[in-house]
Amino acid sequence: MNMATAVVLEAPEQLVLSQLELQAPGDGDVVVDIEFSGISTGTEKLLWSGRMPPFPGMGYPLVPGYESVGRVVAAGVHARHRVGEHVFVPGARCFGPVRGLFGGAASRLVVDDERVYNVDPELGESAVLLALAATAYHAVSGGGKRDPIVAPDLIIGHGVLGRLLARLTVAAGLPPPTVWERNATRALGATSYPVLTPDEDPRRDYHAIYDASGDVRILDAAIARLAKGGEVVLAGFYAEPLSFNFAPAFMREATIRCAAEWQRADMLAVKQLAESGALRLDGLITHQERAANAPAAYRTAFSDAACLKMVLDWRTPQ
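Take the position in the sequence shown, starting the count at 1, then add 105; the result is the number in this note's numbering.
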């Protein structure tokens with residue numbers, strides 16, 4: 106029980122599968138056999154390329170991944186979760202000298218019981234999407250601190266995060282947002298909301314524009330479409346400094362807000378929505394590979410525009 110197969114980034118663009126020794130579980134830990142883990146085309150791509158900005162725990166070698174789902178196989182005496190339960194794990198730091206940033210892409214994890222969340226096994230591999238759903242929920246709600254909530258009426262980017270922002274808005278019974286997407290392949294698959302290119306959209310009176318593209322050049326284009334007093338929410342992850350022209354923002358009295366990492370309340374909220382069927386997670390996972398093919402899977406996830414979400418299947422023998 107003290108070994109795991111893990112995805113290890115030894116250095117930028119040098120990804121291997123390695124056998125790693127796990128730390129011994131404590132009384133408050135659970136041991137989870139991972140069934141599926143997702144590959145993030147935001148933060149993990151930055152780790153893979155070596156372009157990740159300064160971040161706590163940054164350094165190589167590291168185990169990436171914060172979208173893992175599996176089954177508890179051992180539980181400490183003080184753990185609330187029990188053997189046999191299906192759980193979502195947002196990463197772990199259990200690999201000794203190999204950093205866990207974020208440490209979820211492995212066949213087995215030792216993790217603090219407080220960090221895991223029960224999930225309905227009926228969600229299957231779709232449960233890996235809960236982290237991005239919680240990110241989208243936090244962007245809109247501010248972790249429950251924004252009242253009234255100003256939901257997006259324009260979303261930039263039709264990747265998984267953009268789609269989840271749109272689906273959450275529709276699930277809340279609010280007017281469907283417009284989504285911008287320049288890539289014709291990624292523009293497909295919309296449900297109950299329009300997807301346009303910026304050139305096709307004449308509107309210049311949006312009140313809440315949410316960027317899910319991660320494009321560091323996005324602010325001027327977004328500000329130009331705001332109504333007076335409107336808000337631009339930066340919901341992506343940005344590897345380089347952002348800048349904008351002051352005069353257009355000044356004339357609109359624009360607000361620019363950064364959406365931070367999801368919190369426990371966000372995860373509990375989206376988990377309930379997904380398990381009840383109010384938030385649909387179908388159609389977002391487009392690619393799946395055996396974990397043994399992880400190096401090729403990561404390259405596909407980072408280079409194929411048709412790949413919305415790549416999931417590694419850890420259930421088969423390595």
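Cβ coordinates follow ideal geometry from the N, Cα and C atoms, glycine included.
For this session: Count the other CB atoms, across all protein chains shown, that sit within 10 Å of the CB of Val121; report buried if there are 16 or more and exposed otherwise.
Result: exposed
Exercise. With 16 other CB atoms within 10 Å as the buried threshold, where does Phe207 fall?
Worked result: buried
Exercise. Mind checking whether Ile139 and Ser212 have CB atoms under 8 Å apart?
Worked result: yes
For this session: Report the rounded CA-to-CA distance for Val216 versus Val203, giving the unit in angstroms.
Result: 15 Å
Exercise. Going by beta carbon distance, what residues of the same chain come within less than 7 Å of Ile323, once the five residues before and after it are set aside?
Worked result: Ile261, Asp316
Exercise. Helix, strand or coil for Ile328 per DSSP?
Worked result: helix
Exercise. Looking at the unbroken beta strand (DSSP E) that takes in Gln124, where does it start and where does it end?
Worked result: 119–126
Exercise. Taking just the CA atoms, how far does Ala332 sit from Thr421?
Worked result: 53 Å
For this session: Can you tell me which of the three DSSP states Gly389 falls into?
Result: The sequence shown places Leu at residue 389, not Gly. Three-state DSSP puts Leu389 in coil, outside helix and strand.
Exercise. If we count the other Cβ atoms within 10 Å of its Cβ and call it buried at 16 or more, is Val135 buried or exposed?
Worked result: buried
Problem set entry | Best match in Ser123, Ile144, Gly175 for proximity to Ala402 [C-alpha to C-alpha] | Ile144
For this session: Excluding the 5 residues preceding and the 5 following Val375 in the sequence, name in chain order all residues of the same chain whose CB lies nearer than 7 Å to its CB.
Result: Leu235, Ala238, Ala239, Tyr242, Leu384
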